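Protein chains: 2
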Amino acid sequence: MKLDTIRHSLAHILAAAVKKLYPKVKFGAGSAIENGFYYDFDDLKISDKDLPKIEEKMKELIKKDIKSAKKIKIDAFKLTKLAGAYWKGDEKNPMLTRIYGVAFNTKKELNQYLKAQEEAEKRDHRKLGQKLELFSINEEVGVGLPLWHGKGTILRHIIENYLYKELTSQGYEWLTTPHIGKLSLWKTSGHWDFYKENIYAPIKIEQEEYLLKPMNCPFHIKVYQSKIRSYKDLPIKFAELGTVYRYEKSGVLHGLTRVRGFTQDDAHIFCLPDQLTEELSSILKYGLKILKTFGFKDYEIYLSTKPKKYMGTLKMWQKATNSLKYACDKLKLKYQLDSEGGVFYGPKIDVKIKDSIGRPWQCSTFQIDFNLPKAFNISYIDEKGKKKEPIMIHRALLGSLERFIGVLLEHYEGALPVWLSPVQAWVIPVGARHQKYTKEIFEKLKEDFRIELKDENETVSKKIREGEIQKIPYLLVVGDKEIKTKLIRVRERGKGDIGEIKLDKFIDKIWRKSPNLRKN
Amino acid sequence: MKLDTIRHSLAHILAAAVKKLYPKVKFGAGSAIENGFYYDFDDLKISDKDLPKIEEKMKELIKKDIKSAKKIKIDAFKLTKLAGAYWKGDEKNPMLTRIYGVAFNTKKELNQYLKAQEEAEKRDHRKLGQKLELFSINEEVGVGLPLWHGKGTILRHIIENYLYKELTSQGYEWLTTPHIGKLSLWKTSGHWDFYKENIYAPIKIEQEEYLLKPMNCPFHIKVYQSKIRSYKDLPIKFAELGTVYRYEKSGVLHGLTRVRGFTQDDAHIFCLPDQLTEELSSILKYGLKILKTFGFKDYEIYLSTKPKKYMGTLKMWQKATNSLKYACDKLKLKYQLDSEGGVFYGPKIDVKIKDSIGRPWQCSTFQIDFNLPKAFNISYIDEKGKKKEPIMIHRALLGSLERFIGVLLEHYEGALPVWLSPVQAWVIPVGARHQKYTKEIFEKLKEDFRIELKDENETVSKKIREGEIQKIPYLLVVGDKEIKTKLIRVRERGKGDIGEIKLDKFIDKIWRKSPNLRKN
Chain P
1 MKLDTIRHSL AHILAAAVKK LYPKVKFGAG SAIENGFYYD FDDLKISDKD
51 LPKIEEKMKE LIKKDIKSAK KIKIDAFKLT KLAGAYWKGD EKNPMLTRIY
101 GVAFNTKKEL NQYLKAQEEA EKRDHRKLGQ KLELFSINEE VGVGLPLWHG
151 KGTILRHIIE NYLYKELTSQ GYEWLTTPHI GKLSLWKTSG HWDFYKENIY
201 APIKIEQEEY LLKPMNCPFH IKVYQSKIRS YKDLPIKFAE LGTVYRYEKS
251 GVLHGLTRVR GFTQDDAHIF CLPDQLTEEL SSILKYGLKI LKTFGFKDYE
301 IYLSTKPKKY MGTLKMWQKA TNSLKYACDK LKLKYQLDSE GGVFYGPKID
351 VKIKDSIGRP WQCSTFQIDF NLPKAFNISY IDEKGKKKEP IMIHRALLGS
401 LERFIGVLLE HYEGALPVWL SPVQAWVIPV GARHQKYTKE IFEKLKEDFR
451 IELKDENETV SKKIREGEIQ KIPYLLVVGD KEIKTKLIRV RERGKGDIGE
501 IKLDKFIDKI WRKSPNLRKN
Chain E
1001 MKLDTIRHSL AHILAAAVKK LYPKVKFGAG SAIENGFYYD FDDLKISDKD
1051 LPKIEEKMKE LIKKDIKSAK KIKIDAFKLT KLAGAYWKGD EKNPMLTRIY
1101 GVAFNTKKEL NQYLKAQEEA EKRDHRKLGQ KLELFSINEE VGVGLPLWHG
1151 KGTILRHIIE NYLYKELTSQ GYEWLTTPHI GKLSLWKTSG HWDFYKENIY
1201 APIKIEQEEY LLKPMNCPFH IKVYQSKIRS YKDLPIKFAE LGTVYRYEKS
1251 GVLHGLTRVR GFTQDDAHIF CLPDQLTEEL SSILKYGLKI LKTFGFKDYE
1301 IYLSTKPKKY MGTLKMWQKA TNSLKYACDK LKLKYQLDSE GGVFYGPKID
1351 VKIKDSIGRP WQCSTFQIDF NLPKAFNISY IDEKGKKKEP IMIHRALLGS
1401 LERFIGVLLE HYEGALPVWL SPVQAWVIPV GARHQKYTKE IFEKLKEDFR
1451 IELKDENETV SKKIREGEIQ KIPYLLVVGD KEIKTKLIRV RERGKGDIGE
1501 IKLDKFIDKI WRKSPNLRKN
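Taken in sequence, the protein lines are chains P and E.
Residues in the first sequence are numbered from 1 upward in steps of one, following this note's numbering.
Residues in the second sequence are numbered from 1001 upward in steps of one, following this note's numbering.
So this is what it looks like as structure tokens:
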């Protein structure tokens, strides 16, 4: 029996069971869905507490063999939740009561699914973000527009400075461009025609129309064009942490991973045709190095080739696609071919990172663009003094800072590595007479680390509990013994009490945790 | 004879002189203006080269005593430029030729004025910004919307990181808030009613109206309100480098000092009533310390008191105004009273910084706000468990990052202090055989400094000239002698060759130049 058929049958068995228990109920409709099934009812006043009873009744009916139902394993399905749903999905119709269930072939599969769900729920970055006081989303401000609190801004700042340092050392120039610009820029780029449904309505200023920027490319091109570029200057690499705004329906918005405004770690590389292969290898290699620093070591890589509708010549596509393939091969990266999956303006490589429970997240992208250099008439002067068209690469490593932080939180279940932790340690005096020495330790540590002194009038055990909830990497407790021995007692996140240690040794220990630890 | 009368007479003498020289000319109108006069003509085809001739003719006429003109000192005026001007200022009318002149009571005054003009022109941040490749303004992107290039972004980054570090150490929490938000926020705050003419038209998203944010306050308030605040938590200090957008007519836009989008170094302090005086003293003191670090030591301070239309009680105003006065007195700051010059929501202190040629620039502001806490119903829980209203302070130190950088460039004539210089030194090999050693020096220096290696195939003298134009603080030249002695030859900006020095000593020397030098 196919799983889909089982789920379909269970929807009907659910309806029958509810009718047995609540004879006055009226049927809406039901269906098999991903992972399970649902059924809608009218005139049904029940709560979550009633679900086990309904589940029992369903099992009873299955045992009694309604139609072919005997083949359904009674221990491989579960009713999961209640929800409101409009009759036929139309909000003008009355609200019905929907019961959801999940169903699999075997009890084992069901349990695996339930466990993964539980795991995902513990890792929900929206809850973690609130618990760790990183950000909030406020309907009065606007859905999809996160407000970053103090600790969240520290986390952004660490990531931003890390990228700034790394990419500067790789020869990138950083740009800062405005959040609005003339509509005509995105008409020239083609974005207005191709992505209009994701762009917010223009703002009129003195008879000119301006857009809240949906992408940074036209601005980077204008900086490129602000002076004459020689072949000797190429490759020119512009990077920006550029905040862009794109329309998403309010219904699909989700925490930080689907928002209306987000900060791209965007870059555009202008290079000579014969620099393309080397540049691609280099940015791909460097991109993966950066992802690894954040703790992502497993990827799914997709190479998307020429679609049916495309710009540029066949030869250009072939050369560019080969460059992408060469870069992957050189780095010994396995990739899947997404045949004809490229954008109209060029082939690309997408990298999905896998988090600690195996879920893939779209993250880096490396795209070759044959369109913009033509559309904006970008040029460089070659060896012979002639104007030539450079090749343009778009690339983002983290993708969106908001989304990436969401993924980081889920990946680490909120327990961020020491170098990313907004607060790296708490220093806790046992009692009032230990405050002076605690303060000394605090002052010494805060020169290089992000430290909080917890000297409120509360019990040590309460502070430790609180520190564990807030996932603080180190809790340093100072009492009589520590003052006498000049040691500190360290509780390490996930390990508990790891004993007493000299302050200098402790500092060494933290430093070893990451090469990127230097407080910004 | 009053200066204004002199200038008025000169406008007419100018007309007469032009008529003598170009009999076919038709008169438009003329007038005395600030510093001088002008006159408009039709059918006059002349160039700047003709101005001295006209000036001579004017002097001739004055000597011949037209009306009362003899009292005009012929060496105290000067024709300065030609411009196009519409008849009666209406662009539907034909374009006339306008001749401008400047005039003073004495030759000395004229020379002082001309010298100041010349000085100001050398310091024009728009020209310096282009020469030093810091930013550009592109009409295709939008007037009043600067594009920051690589070096400009480094400068912003240095300033931003300096503020981040300083204010973090002062207990500020940094926030990051979106660039758009629901219009209703600024209706609640009152900005929509009071400043509508400076706010861009709303953007409609799913039946809701959103604004490009004109100020950050409502977002900071929403973060304050994201949890219950106790009197023990106060003062709470939120800071943000928040980019806001305000409408300015295209005609008044000017480089970085008058733009349409700018980044405020904004902060909001929520404090208990009895913390107000101390907080004000502390932020004022700290603010001036920060201005001093940037090289501004002279200020004009204005204390603005209760206007005719005001919010809150007389007692509140008195207390708040006294707190501001107390803060100034405590810091021994002289201030001018701007009687009734406060905003409707509270009294304030404004600080104008004086640049190196004595020009004042509005910069810091410290404002007490009685309006927003009420409008948004902000509260804290007091010792007795009761809801109370905190006092809110708005403050900006630099004001706008764009404007402040404009002022910095004019103040230093582009020769930024070492810690602010996007490029701190060039290392220049004399010839090809010195490249290896030069590279070693470069690698060593670039660990801690922003250094460029100038190994292009050009003469040393050309590189030195170029480095001087780009106002690079240090030019380090490496030739045979330097390789032998293991020293480096240093050219210091403004001083020229300062001799040979050991690399380590040179590094020490740079470090001493500023406590804020650490490369970010």
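C-beta: ideal position from N, C-alpha, C; glycine also.
A quick note: this is a predicted structure, and the numbers were derived from the prediction, not measured.
Residue i - DSSP class collapsed to helix/strand/coil
i: M311(P); result: coil
i: T1176(E); result: strand
i: E1482(E); result: helix
i: L1241(E); result: strand
i: N1520(E); result: The pLDDT assigned to N1520(E) is 42, lower than 50, so where the model puts this residue is not dependable; a value taken from the coordinates is nonetheless given after this. If DSSP states are grouped into helix, strand and coil, N1520(E) belongs with coil.
i: L211(P); result: strand
i: P23(P); result: coil
i: S1047(E); result: coil
i: G1137(E); result: One detail in the question is off: residue 1137(E) reads as Ile in this sequence, not Gly. Coil, per DSSP.
i: I353(P); result: strand
i: K1263(E); result: Rather than Lys, the amino acid found at residue 1263(E) in this sequence is Thr. Strand, per DSSP.
i: Q1130(E); result: helix
i: A1338(E); result: It is worth fixing the name first, because residue 1338(E) is Asp in this sequence and not Ala. Three-state result, D1338(E): strand.
i: W1163(E); result: Sequence inspection shows Leu at residue 1163(E); the Trp mentioned does not correspond to that position. The answer is helix: DSSP assigns L1163(E) an H, G or I state.
i: D448(P); result: coil
i: E500(P); result: strand
i: P1540(E); result: Here chain E covers residues 1001 to 1520 and nothing more, so residue 1540(E) does not appear.
i: L333(P); result: coil
i: K1505(E); result: helix
i: I199(P); result: coil
Residue burial classification, residue i (beta-carbon count within 10 angstroms, cutoff 16)
i: L44(P); result: buried
i: M1058(E); result: buried
i: A116(P); result: exposed
i: D65(P); result: exposed
i: P1429(E); result: buried
i: T263(P); result: buried
i: Q1207(E); result: exposed
i: E118(P); result: exposed
i: I498(P); result: exposed
i: D369(P); result: buried
i: Q1318(E); result: exposed
i: R98(P); result: buried
i: P52(P); result: exposed
i: A1432(E); result: exposed
Identified DSSP bridge partners for residue i
i: Y1039(E); result: G1030(E), I1099(E)
i: V490(P); result: L476(P)
i: C1271(E); result: I1391(E)
i: L147(P); result: S136(P)
i: V460(P); result: DSSP output for V460(P) lists no bridge partner at all.
i: R1258(E); result: H1254(E)
i: K182(P); result: Y210(P)
i: L453(P); result: V427(P)
Problem set entry | Segment contact flag, the region 1217–1231 of chain E with the region 125–142 of chain P, C-beta cutoff 8 Å, min 3 pairs | They touch, by the three-pair rule.
Exercise. Is the region 393–402 of chain P touching the region 269–288 of chain P, taking contact as three or more C-beta pairs under 8 Å?
Worked result: Yes, the region 393–402 of chain P touches the region 269–288 of chain P.
Problem set entry | Entirely enclosed beta strand (DSSP E) segments - the region 1362–1445 of chain E, minimum 3 residues | Within the region 1362–1445 of chain E, the beta strand (DSSP E) runs of at least 3 residues that lie entirely inside it are, in chain order, 1391–1400, 1425–1429.
For this session: Run through the region 280–308 of chain P for me and flag every whole beta strand (DSSP E) of 3 or more residues, listed as ranges in chain order.
Result: Taking only runs of at least 3 residues, the beta strand (DSSP E) segments lying wholly in the region 280–308 of chain P are 299–304.
Problem set entry | Inter-stretch contact at 8 Å, needing at least 3 Cβ pairs: the region 1247–1256 of chain E / the region 1125–1133 of chain E | They touch, by the three-pair rule.
For this session: List in chain order: all unbroken beta strand (DSSP E) runs of 3+ residues lying wholly within the region 1080–1114 of chain E.
Result: Under the rule that a run must span 3 or more residues, the beta strand (DSSP E) segments found entirely inside the region 1080–1114 of chain E read 1095–1103.
For this session: Evaluate contact between the region 352–368 of chain P and the region 230–244 of chain P, counting only Cβ atoms and requiring at least three cross-stretch pairs below 8 Å.
Result: Contact annotation: the region 352–368 of chain P does not touch the region 230–244 of chain P, with fewer than three C-beta pairs closer than 8 Å.
For this session: Kindly confirm or deny that the region 489–498 of chain P and the region 472–481 of chain P touch, where touching means at least three C-beta pairs closer than 8 Å.
Result: Enough Cβ pairs lie closer than 8 Å, so yes.
Exercise. Is there contact here, the region 105–114 of chain P with the region 1142–1156 of chain E, by at least three beta-carbon pairs under 8 Å?
Worked result: Contact fails: fewer than three Cβ-Cβ distances are below 8 Å.
Exercise. Quick one: any contact between the region 171–188 of chain P and the region 288–305 of chain P, if contact means 3 or more CB pairs under 8 Å?
Worked result: Too few Cβ pairs lie closer than 8 Å, so no.
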